[in-house]
Amino acid sequence: VLKMITPERANDQTTINMFLDEARLAASLNHQNVAQVFEVGEDQGVHYLAMEYVHGQDLRAVLAKAGSGGTRIPLELALTVVAGAAAGLHHAHERRGPDGKPLGIVHRDVSPSNIMIGYDGAVKLLDFGIAKLLDPSLTRTGQPRTRTELRAMTPEYASPEQVLGETATTASDVYALGIVLY
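Residue numbers (the numbering used here): 1 to 182.
Here it is as structure tokens:
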């Protein structure tokens, strides 16, 4: 799967920096429950991120199909999906830099649209595009991201501290995953 900057934002250096920060972050994560990044590059001025293709549907689509049929997804499937997403989050939350210090990665947008369910049963967490890094050395600029540089999280799944504009933590991701399970 290719993820690219839209043409209307291709000349916006802030967007390019955010995109490359996401690429660096996502490429540093290697876990069976996180969509793998294979390549980051630029071709004729277009920045791209080549990611693992998950042959399946996102959880949002699965929930919509069940809802339109007047049913709910089976509890076993719900628990399997949430356990997989939790394992991917745990990997990101526990990720350490070369110096052994925790990177403090917080996804900040755990929602059904960012959880893929493969037809083979694989569960993959997607889109670390608004993830927060406590270690600014992983950003291209070496500076922490500002609130204005971040896309909005999915409000229905946001933790109370996020809604109040306070700092998101790993607990914020766990809270959001709990809402997904609910």
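For every residue, glycine included, the Cβ atom is placed at its ideal position computed from N, Cα and C.
- Task: Specify whether the region 66-75 and the region 4-17 touch according to this definition: at least 3 beta carbon pairs, one from each stretch, less than 8 Å apart.
- Result: no
- Starting from PHE38, trace the beta strand (DSSP E) both ways and give me its first and last residue. In the sequence shown, counting from the first residue as 1, residue 38 sits at position 38. Taken as a continuous stretch (DSSP letters only), the beta strand (DSSP E) holding PHE38 covers 37-43.
- Taking only the alpha-carbon atoms, compute the straight-line gap between MET4 and SER113 and give it to the nearest angstrom. Counting from one through the sequence shown, the residue named residue 4 turns up at place 4. Counting from one through the sequence shown, the residue named residue 113 turns up at place 113. Each residue's alpha carbon lies about 18 Å from the other.
- Is it buried or exposed for GLY100, if we count other Cβ within 10 angstroms and need 16 for buried? One-based indexing of the sequence shown puts residue 100 at position 100. It counts as exposed.
- In the DSSP assignment, find the alpha helix (DSSP H) that holds LYS65 and state where it starts and stops. Within the sequence shown, numbered from 1, the residue matching residue 65 stands at position 65. LYS65 -> alpha helix (DSSP H) spans 59-68.
- Between GLY121 and ASN33, is the Cβ-Cβ spacing less than 7 Å? What you label residue 121 is simply residue 121 of the sequence shown in a count that begins at 1. What you label residue 33 is simply residue 33 of the sequence shown in a count that begins at 1. Not a contact, by the Cβ cut-off of 7 Å.
- Item | Straight-line gap, TYR175 to TYR119 (C-alpha atoms, nearest Å) | Counting from 1 along the sequence shown, the entry for residue 175 is found at position 175. Counting from 1 along the sequence shown, the entry for residue 119 is found at position 119. Rounded to the nearest angstrom, the two C-alpha atoms are 27 Å apart.
- Applying the criterion that 16 or more other CB atoms from any shown protein chain within 10 Å of the CB defines a buried residue, is HIS55 buried or exposed? Position 55 of the sequence shown, counted from the first residue, corresponds to residue 55. Answer is exposed; the Cβ neighbour count stays below 16.
- Determine the burial state of ALA158: buried for a count of at least 16 other Cβ atoms within 10 Å of its Cβ, exposed for fewer. Position 158 of the sequence shown, counted from the start, is the residue given in the question as residue 158. By the 10 Å Cβ count, ALA158 comes out buried.
- List the residues that DSSP assigns as beta-bridge partners of GLY47. Taking the first residue of the sequence shown as 1, we reach residue 47 at position 47. Correcting the residue identity first, residue 47 is His in this sequence and not Gly. DSSP lists GLU42 as partners of HIS47.
- In its own chain, which residues sit with a C-beta less than 8 Å from the C-beta of VAL163, not counting the 5 before and 5 after it? As a position in the sequence shown, residue 163 is number 163, starting the count at 1. The answer, listed in chain order, is PRO155.
- Query: With 16 as the cutoff for other CB atoms within 10 Å, does THR148 come out buried or exposed?
  - Reply: Walking along the sequence shown from the start, residue 148 turns up at place 148. Low confidence applies to THR148: its pLDDT is 35, below 50, so where it sits in the model is not reliable enough to give any reading.
- How about ALA85 and LEU29: do their beta carbons lie closer than 7 Å? Stepping through the sequence shown from its first residue, residue 85 is reached at position 85. Stepping through the sequence shown from its first residue, residue 29 is reached at position 29. Not in contact: ALA85 and LEU29 (Cβ atoms no closer than 7 Å).
- Per DSSP, which one or two residues make a beta bridge with LYS3? Along the sequence shown, read from residue 1 onward, the residue named residue 3 stands at position 3. LYS3 pairs with LEU49.
- If you check the beta carbons only, do LEU2 and ALA50 fall under 7 Å apart? Sequence index remark: in the sequence shown, residue 2 carries index 2 (1-based). Sequence index remark: in the sequence shown, residue 50 carries index 50 (1-based). Yes, these two residues count as a Cβ contact at 7 Å.
- Task: Would you please state the rounded distance, in angstroms, between the beta carbons of ILE115 and ASP58? I believe it to be under 8 Å.
- Result: Along the sequence shown, read from residue 1 onward, the residue named residue 115 stands at position 115. Along the sequence shown, read from residue 1 onward, the residue named residue 58 stands at position 58. That pair is a contact at about 6 Å.
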